[in-house]
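S.K.: Counting in the working numbering, the sequence shown runs from 79 upward without gaps. Encoded as structure tokens, here's the structure I'll be asking about.
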Amino acid sequence: MLIRLAIFLIRAYQLLISSWLPPTCRFTPSCSNYAIVAFTRYGIIRGFILSLRRISRCHPWGGSGHDPVP
Numbered sequence: 079m080l081i082r083l084a085i086f087l088i089r090a091y092q093l094l095i096s097s098w099l100p101p102t103c104r105f106t107p108s109c110s111n112y113a114i115v116a117f118t119r120y121g122i123i124r125g126f127i128l129s130l131r132r133i134s135r136c137h138p139w140g141g142s143g144h145d146p147v148p
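Laid out in structure tokens, this is it:
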């Protein structure tokens, strides 16, 4: 139930907010898609931790490129 809510909120963000912003993602897949896969594979707690770790690497010195969910 919580996983579906989290995915719904991420999809809402993608449609309502992210679609209006210019593409600035440093990684592929994007952080929101990464979070959806992480929640689906690992559940709400581990998926949340993985998503936060990914978002924390999104800065000029954090690297870039292909970074799939483990």
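Note that the Cβ used here is the ideal one computed from N, Cα and C, for glycine as well. Computed from a predicted structure; not experimentally measured.
(1) Report the CB separation of glycine 121 from isoleucine 81 in whole angstroms; it is logged as a contact under 8 Å.
(2) Based on Cα-Cα distance, which residue from Leu99, Ala90, Met79 and Tyr112 lies nearest to proline 146?
(3) So arginine 104 and serine 142 are supposed to be a Cβ contact under 8 Å. How far apart are they, rounded?
(4) Taking the alpha helix (DSSP H) that arginine 104 belongs to, which residues open and close that run?
(5) Where does glycine 140 land, buried or exposed, given buried means 16+ other C-beta within 10 angstroms?
M.R.: In this structure, then:
(1) 7 Å
(2) Tyr112
(3) 4 Å
(4) Counting along the chain, arginine 104 falls outside any alpha helix (DSSP H), and DSSP gives it neither H nor E.
(5) exposed
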